[in-house]
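Asker: Chains as they are written, first to last, in this note's numbering: chain A, 19 to 460; chain B, 19 to 460; chain C, 19 to 460; chain D, 19 to 460. Where is the CB? At the ideal position from N, CA and C, for every residue including glycine.
Protein chains: 4
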Amino acid sequence: MTGAVDVGLLDPATGDAVRLVGDGAYLAAMVDVEVALLAALADAGAAPPSALTVEPAPLLLGLDAAALAAAGRSGGNPVIPLLARIRPALPEDLRDALHFGATSQDVIDSATMLVAARVRAALGTTLQPVIRRLATLADEHRGTPIAGRTLGQQAAPTTFGLRVAVLLDGVLRAARALDALELPAQLGGSVGTLAVLVDALGEDRAQEVRHRFAARLGLADRATVWHVERGPVAELGGRLAVLVGALGRLGLEIAQGARAELGELDVVVPEGEGGSSAMPQKRNPVAAVLLVAGARRAPGLAATLLGAQLALDERPAGDWHAEWQPLRELLRLAIEGAVLAHEAVDALAVDADRMRANLELTQGALHAERAQWALVPVIGRSRAAALVREALAAPEFLPALLPSIEDPALADRVRAVTTTGGPIGLADRMIDAVLADARTRS
Amino acid sequence: MTGAVDVGLLDPATGDAVRLVGDGAYLAAMVDVEVALLAALADAGAAPPSALTVEPAPLLLGLDAAALAAAGRSGGNPVIPLLARIRPALPEDLRDALHFGATSQDVIDSATMLVAARVRAALGTTLQPVIRRLATLADEHRGTPIAGRTLGQQAAPTTFGLRVAVLLDGVLRAARALDALELPAQLGGSVGTLAVLVDALGEDRAQEVRHRFAARLGLADRATVWHVERGPVAELGGRLAVLVGALGRLGLEIAQGARAELGELDVVVPEGEGGSSAMPQKRNPVAAVLLVAGARRAPGLAATLLGAQLALDERPAGDWHAEWQPLRELLRLAIEGAVLAHEAVDALAVDADRMRANLELTQGALHAERAQWALVPVIGRSRAAALVREALAAPEFLPALLPSIEDPALADRVRAVTTTGGPIGLADRMIDAVLADARTRS
Amino acid sequence: MTGAVDVGLLDPATGDAVRLVGDGAYLAAMVDVEVALLAALADAGAAPPSALTVEPAPLLLGLDAAALAAAGRSGGNPVIPLLARIRPALPEDLRDALHFGATSQDVIDSATMLVAARVRAALGTTLQPVIRRLATLADEHRGTPIAGRTLGQQAAPTTFGLRVAVLLDGVLRAARALDALELPAQLGGSVGTLAVLVDALGEDRAQEVRHRFAARLGLADRATVWHVERGPVAELGGRLAVLVGALGRLGLEIAQGARAELGELDVVVPEGEGGSSAMPQKRNPVAAVLLVAGARRAPGLAATLLGAQLALDERPAGDWHAEWQPLRELLRLAIEGAVLAHEAVDALAVDADRMRANLELTQGALHAERAQWALVPVIGRSRAAALVREALAAPEFLPALLPSIEDPALADRVRAVTTTGGPIGLADRMIDAVLADARTRS
Amino acid sequence: MTGAVDVGLLDPATGDAVRLVGDGAYLAAMVDVEVALLAALADAGAAPPSALTVEPAPLLLGLDAAALAAAGRSGGNPVIPLLARIRPALPEDLRDALHFGATSQDVIDSATMLVAARVRAALGTTLQPVIRRLATLADEHRGTPIAGRTLGQQAAPTTFGLRVAVLLDGVLRAARALDALELPAQLGGSVGTLAVLVDALGEDRAQEVRHRFAARLGLADRATVWHVERGPVAELGGRLAVLVGALGRLGLEIAQGARAELGELDVVVPEGEGGSSAMPQKRNPVAAVLLVAGARRAPGLAATLLGAQLALDERPAGDWHAEWQPLRELLRLAIEGAVLAHEAVDALAVDADRMRANLELTQGALHAERAQWALVPVIGRSRAAALVREALAAPEFLPALLPSIEDPALADRVRAVTTTGGPIGLADRMIDAVLADARTRS
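(1) Whole angstroms are fine: how far does the CA of Arg374 (chain A) sit from the CA of Arg228 (chain B)?
(2) In three-state terms, what does DSSP make of Ile442 (chain C)?
(3) Have a look at the DSSP bridge pairing and note the partners of Asp239 (chain B).
(4) Just mark Arg333 (chain D) as buried or exposed, buried being the case when its beta carbon has 16 or more other beta carbons within 10 Å.
(5) Is Arg314 (chain B) near the ligand NAP - that is, is its Cβ less than 8 Å away from at least one heavy atom of it?
(6) Taking 9 Å as the threshold (beta carbon to beta carbon), is Met19 (chain B) in contact with chain C?
(7) Closest Cβ-Cβ distance between Glu247 (chain A) and chain D: below 9 Å?
(8) Does the separation of the CB atoms of Gly249 (chain C) and Ala192 (chain D) fall below 9 Å?
(9) On a Cα-Cα basis, can you pick out the residue from B:Asp29, B:Pro426, B:Leu330 and B:Ile353 that is closest to Ala139 (chain B)?
(10) Shorter than 9 Å from the beta carbon of Ala264 (chain D) to some beta carbon of chain C?
(11) Out of B:Leu79, B:Ala75, B:Ala54 and B:Ala218, which one is the CA nearest neighbour of Pro67 (chain B)?
(12) Which residues in the same chain as Leu405 (chain D) place their Cβ atom closer than 6 Å to its Cβ, once the five residues preceding and following it in sequence are excluded?
(13) Pull out every residue of the region 88–101 of chain C whose Cβ sits closer than 8 Å to any Cβ of chain B, in chain order.
(14) Helix, strand or coil for Ala427 (chain D), going by three-state DSSP, please let me know.
(15) Using DSSP's beta-bridge definition, name the partner residues of Thr177 (chain D).
(16) By DSSP's criteria, Asp284 (chain D) is part of a beta bridge. Which residues make up the other side?
(17) In its own chain, which residues sit with a C-beta less than 7 Å from the C-beta of Ala340 (chain B), not counting the 5 before and 5 after it?
(18) Identify, in the order they occur along the chain, each residue of the same chain with its Cβ nearer than 7 Å to the Cβ of Leu328 (chain B), setting aside the five sequence neighbours on each side.
(19) Between which two residues does the alpha helix (DSSP H) harbouring Gly266 (chain B) extend?
(20) What is the C-beta distance between Gly477 (chain B) and Leu265 (chain B), in whole angstroms, given that I count them as a contact (C-beta under 8 Å)?
(21) Roughly how many angstroms separate the alpha carbons of Ala278 (chain C) and Val432 (chain A), rounded to a whole number?
(22) What did DSSP end up calling Gln327 (chain A) once you bin it into helix, strand or coil?
(23) Quick one: grab the DSSP three-state call for Gln343 (chain B).
(24) Within the 9 Å Cβ cut-off, does Ala313 (chain A) reach chain C?
(25) What are the residues in the region 386–413 of chain B lying within 8 Å of chain A by C-beta distance?
(26) Can the beta-carbon of Val357 (chain C) be found closer than 9 Å to that of Pro30 (chain C)?
(27) Just verifying my parser: in three-state terms, what is the DSSP assignment at Arg18 (chain C)?
(28) What are the boundary residues of the alpha helix (DSSP H) that includes Ser422 (chain C)?
(29) Inspect the CB distances between the region 384–394 of chain A and the region 208–225 of chain B and report whether three or more fall short of 8 Å.
(30) If the criterion is Cβ atoms closer than 9 Å, does the pair Ile397 (chain A) and Leu348 (chain A) meet it?
(31) Alpha carbon to alpha carbon, how far is Ala252 (chain B) from Ile98 (chain D)?
(32) List the DSSP bridge partners of Pro202 (chain C).
(33) Among B:Ala84, B:Glu282 and B:Pro317, which residue has its Cα nearest to the Cα of Pro96 (chain B)?
(34) Going along the chain, which residues of its own chain have a beta-carbon closer than 6 Å to the beta-carbon of Met19 (chain D), five neighbours each way excluded?
(35) I'd like to know if the region 67–82 of chain A and the region 128–143 of chain A are in contact, where contact means that at least 3 CB-CB pairs between them fall below 8 Å.
(36) Given a threshold of 16 other Cβ atoms within 10 Å of its Cβ, counted over all protein chains shown, does Val424 (chain A) qualify as buried or as exposed?
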């Protein structure tokens, strides 16, 4: 019972997960929470001033997460055994103040939000090079034509720069939505009234303790207890899943573009990585693949968090416990996703020639839309459609279409909008908008 | 193939759903979108001024959603047959301008957001009486003691007012998060570049068309196309599920409180409603039950929307289509949830006597925590715990505890914090905070 | 409130859905259930013999599903108003026997299983041509080499026949698992004891009624009531989702293979179908795309059914109601999936030349594994790996590798296993196994 | 990177999880798979006979799961580094045969199924005392009347024995469905053709290797590769979720029945367990609560597995990797659920007096249904309904009803079916059926 369930064997994207969301990280956050409460009590004069100088690190010494997990089993959470272990390590005059007014859920919820806040801060850093690299790619490839595809079929030309900008837009918006989310501390006492603290200190000072507690943890101070109002967790889950999804889409595009038959992207795999146990020639786009894997897992985890809102009473009987692993896994997927995205974009090579070659695979047919609409104002909708339809039936579209246009100016106009490599719609403006957005995060 | 799949038989909470999220509502929104685009083109001088006066209503006349659904099957969406049907109803000089520069996804995405915006507006109204009633209950029952329960067990006293305030807090926050979400229009053309519009009008005027288009629909004008950047839908799904969850929790509390064995709440069912096909005495809390049912369904639907972010190319091959029904169902659950919540709180009767009687079921044991912490500062933690433990072993807690306290002032203090009916912690301040919040929505 | 929520506009795969799983189908099944109960009562002598000749069809006349849905709202289900409407249409001596001993849930659960049984029977038929066509393709393309791909990268040669056989295997196994599932009738009375029937008829005859009732419906007779033991629904949901997933994978493979850049498959779209509202040249693989869409939706629906197992008491307060729409949607996705799969495989064209051309894209590198393992027994693992590694660094693999092998017999052996078009492993035997399996369903 | 992510801190139900589904268990299973393949090769004469005596245990010595996880990151799975570490520990003449013909996915899929088979076997044992205890309770409480409840409201009397039998029925059926599931070995080689093995051994012997491989692992030998046909995993996930749900429902009933206000059940918590960090009097039904928590998590995990069916090519690019953690978590929830269920039923105390007292809370109203139906055959449906309605309006139902029945024999009959404590419907027969079923598993 003292071994580990999960050291990353089944989630190859271990990376920073252990440090940020491992059981050790949660345990450290719980100790941080108890220490912050001690200090907040001292701030309000409800604990000796020595409480202000308690350091979490020594309390963590010798704490064994597996042993605490085992000891916490009978109570359903590890806080009771944790208190039993850290109390003796405190100066004697602080022992009675430890956990004063709090309940296990206050500690676990606040620790969870602290872990989430730390992951969010780490994401801010880890996503930086991803954003920068995507911004650079979008900018550099404004003029790189590529076949725009819809429902899997070549549809009309676009630019690789715009495609990247849209990917980047998704990452930026998801990161911003996550940043905007309030991560609250929890301090309500047994049934959320903070009665014990108020009994001891009165309403004003008790409220001050909660306020200082939240401030010391860098979390928001909610006016209302949220023991059973699980919006904070449900929303956090949703926003994490949106970010993991945005990163997963990046992986999906890379894995697809790197297929030999498309060849528009390549993943430069360092010697000895991305290999196969069976096929010597393989160079797998592992980071991209794992991004997809993460994004496939996130919705089910988020759904569990959304469902956990259906909690009765003053503390849920199971619904709360059901949140813990899924939220940790979502935080893990988010931070690992950022690490993997960094790897994936770093290794990315763009083959602009192949993009152009693919675009020409359909003999100009994907210019049909712009050609047709260029014709409409002059020769009308049905005549334009007929000309285009006929030309599409020919082996090559443009060589068939252009001669069929009688008006030379109109033919020029059609030629202009069907020449691969010219500017395309608002693509550049959209890229500019995303780049401006990206700069606000640098 | 022209019948209906769903007229509400399996979702008894039909209510406003047909009007707001039925296929007819979607169809009307699609027509609104095409009309807005015509007008926006006219705004930019790209369509005759008569486009400014086109009314959607006449175009809807005679449109048969079932026939359009059938006709749209081969193309995967109903926009192509819709265009074929409304074009002849337009003045001849506008026919070529219809749908100019747009693609099916522009119409469906914008119409979806329009439907969502209309549901959101309706929610604003429908939730008003729910919020008012919950606010009144929270205020009126500040002084109504009730057993606070954790993990299903009686834990410590709280007030019914606070319990209601926390429920209301969840609804308010969820509604606010939904209100804060940007609902964007979509106008990108076939592959998202708006190339056809730019070919015809140049970048400035094309951008102006998109801007006017969004403004006319009352939707946000996104600088970047989101054909495959499905954050808007994923986030909308998440926030709808949070709201549906908050309303479901209300139903769960009501259904539980109305159990005969608890009897703290009652649902005043009108004669002839809430009946059973088998049991003549039954008066089922149907609205509460259906709120729970809705909240159990929302997470799976939201998960599908979160998963649909994994979209390739310039338009997804299936992932986009997978969004339509789940988002509609979530919108339906939200608006029906508001209607059901209104019914549920309207019918709610509170039995304060039963709340107090239940609180006394455990012979004062649920005062143990506050008693113990009142003792700690004076007689120390371990001595306080011992006294409390002994008294808990007696048939009645307080009559056993109080005489065991030697210091009369301390006994008075313990008596004060264990007398049912006194003020409880920060409960009133929390209620005040939620009421203040509620007033900002009135 | 009397309109329709859903006539298929947002689920373009309407097909047989209305007929098989529409509200009308459910309503008809509910009437069938009441009629079967009347007859079963007569079988046991508990209703007049005239009950044996009641026909459901006349009772359905004039029933309006939307009106019943509206009338059923206050009771949470449509059975009470349904009874009120069909009772007067019965001969007078049967009216008291209508619904005798039953409760609403008996009717809805049995009707749901009846709908499921009908969908399953329809699937048996609709899947036939899909299975036949896939079997034919697998057989015909045993000798068609194609690049086997793993993690998106070309890996080693396989045959298109085997690829199809594996797809077919998934469909066959999923269909068989669904066929093997017991679909039980439900008849427990108000709280599952069948007390009212036993009071009237005694245990033996009451049990006989239940037995006859199930037999008349063609459903299984469970010895135990399952009002709150929702395994039957949860398992049904899981197996439907597995089938929808197997069909979705077929769609995914088709949509991918039909991409212009791969070109290994083509979808022969009838004139005027698969078109686009914007791009005249588009021929979208709509059926394949909708198969994917369905499969993306199924897991969230199945998850709701799995979650609905957590039901209290003798009838769930919301969890049961939460099952209705998701199960209907899963049944709909299954039957529509079969229809779409038929369309998709019917329209499928195979480009064996392109498969071979793609296989040669990597200059023989995907033969590296078999080459290496052919070398190992003779020259050892590390020497073989070195030769292969060197050859992979050359522009073309085989021309570089073969001369580097000194032993001519060994070179011949390597040549034999790296020649495109030769037999590949157990591919044929696997195909044979699947074809044999397919024949058992014809 | 060498620490642990999860030692059970956030899943307090650690129990047997580490041993059965921890990364160590997976690693051991992978070694077992490689060893079984070596032996199967020897069986077919394709490896030296010494391969038949290789023991897995020594190969595991010194393997560090965390280090392997880290080393496996770049390749996306731990098999490559695992091979590098175990190869030198093999006799020299076996090294080239290690992993011969196999690919990483063969090892991971087979190891996963081996882990699943071991969990299933453990479940068989761990569920035994749960089944026995529930069977005993059902049998002993055949005559214990309890209020049957529907939609949370008292409905009609049933017996506690039947309630327990239905819970047991759910567990038995779920366990049987899991037992009936085929757990296949996987051996397909790089792209599923087994080409390398066939190249070396011919078709017959290669097939024999696969057959022996499966047999040695105690897994099924599938005729077809299932690298991308993920039905086995999707179905396993579904069936595990059904079992976890059945166990969760047990927990839900216990947690609800143990609420002070119902008091029908009690959880005898050992001294020092089930405590609270804040409330000295609390004795939480922790095992029941954790059962609920597990069941709330299972559907989201199963949904991910169902979604992972949508896999392209010969090996999925991410969808496969997405299966690993969710399947492990489901296996963990299943085995822990069995352990928790054992604890929960062991600690369960039944308060038959309280059940009866609760049943009388509604002054006989819950006898209304049976009374009414006893009247119907004699005095007709509408007259019976009127009598019952009137009596329900009185303070006590039966004292009001009985005198209003003119026919004394009829009054006796009504009295007989409304006397608490008499036999109830088919309850005993249903209990018998479940007990008979339970005995087949003992």
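Answerer: This is what the structure gives:
(1) So the alpha carbons of these two residues sit roughly 29 Å apart.
(2) Three-state result, Ile442 (chain C): coil.
(3) Under DSSP, Asp239 (chain B) shares a beta bridge with no residue.
(4) So Arg333 (chain D) ends up on the buried side.
(5) In the structure on display, the ligand NAP does not appear, and there are no ligands present to speak of.
(6) Note that Met19 (chain B) scores 36 on pLDDT, short of 50, meaning its location in the model is unreliable; the coordinates nonetheless yield the value given after this. Contacts with chain C at 9 Å (Cβ-Cβ) include Met19 (chain B).
(7) Residue-level contact check: Glu247 (chain A) does not touch chain D, since none of the beta carbons of chain D fall below 9 Å from its beta carbon.
(8) With respect to the 9 Å criterion, Gly249 (chain C) and Ala192 (chain D) are classified as neighbours on the basis of their beta carbons.
(9) Restricting attention to B:Asp29, B:Pro426, B:Leu330 and B:Ile353, the CA atom closest to the CA of Ala139 (chain B) is found in B:Ile353.
(10) Cβ-Cβ to chain C under 9 Å: yes for Ala264 (chain D).
(11) For the residues B:Leu79, B:Ala75, B:Ala54 and B:Ala218, the minimum Cα distance to Pro67 (chain B) belongs to B:Ala54.
(12) Result list for Leu405 (chain D): Ser422, in chain order.
(13) Listed by position, the residues of the region 88–101 of chain C near chain B (Cβ gap below 8 Å) are Ala88, Gly90, Arg91, Ser92, Gly93, Gly94, Asn95, Pro96, Val97, Ile98 and Leu101.
(14) Three-state DSSP puts Ala427 (chain D) in a helix.
(15) D:Pro163.
(16) Residue pairing for Asp284 (chain D): DSSP places it in a beta bridge opposite D:Ala367.
(17) Thr322 and Ala326, listed in sequence order.
(18) Contacts found: Asp337.
(19) Run containing Gly266 (chain B): Gly249 to Gly275, per the alpha helix (DSSP H) assignment.
(20) Here chain B comprises residues numbered 19 to 460, so residue 477 (chain B) is not present and cannot be evaluated.
(21) Using only the alpha carbons, I get a separation of about 24 Å.
(22) Gln327 (chain A) falls in the coil class under three-state DSSP.
(23) In the structure shown, Gln343 (chain B) sits in a helix (DSSP, three-state: H, G or I).
(24) Chain C has no Cβ within less than 9 Å of the Cβ of Ala313 (chain A).
(25) For chain A, the residues of the region 386–413 of chain B that bring a beta carbon within less than 8 Å of one of its beta carbons are Glu387, Arg388, Trp391, Ala392, Val394, Pro395, Gly398 and Arg399, in chain order.
(26) Judged by their CB atoms, Val357 (chain C) and Pro30 (chain C) are not nearer to each other than the 9 Å cut-off.
(27) Since the first and last residues shown for chain C are 19 and 460, residue 18 (chain C) lies out of range.
(28) For Ser422 (chain C), the uninterrupted alpha helix (DSSP H) run begins and ends at Phe415 to Ser422, by DSSP.
(29) Look at the beta carbons and you see the region 384–394 of chain A touching the region 208–225 of chain B: at least three pairs across the two are nearer than 8 Å.
(30) Result no, Cβ atoms of Ile397 (chain A) and Leu348 (chain A) do not sit closer than 9 Å.
(31) When rounded, the distance between both Cα atoms is 37 Å.
(32) Answer is C:Ala238.
(33) Taking only the C-alpha atoms, the option nearest Pro96 (chain B) is B:Ala84.
(34) Caution is warranted here: a pLDDT of 36 is assigned to Met19 (chain D), below 50, making its placement in the model unreliable, and no coordinate value can be reported.
(35) Of all C-beta pairs linking the region 67–82 of chain A to the region 128–143 of chain A, fewer than three are shorter than 8 Å, placing the two stretches out of contact.
(36) For the record, residue 424 (chain A) in the displayed sequence is Glu; it is not Val. Exposed: under 16 other Cβ atoms inside 10 Å.
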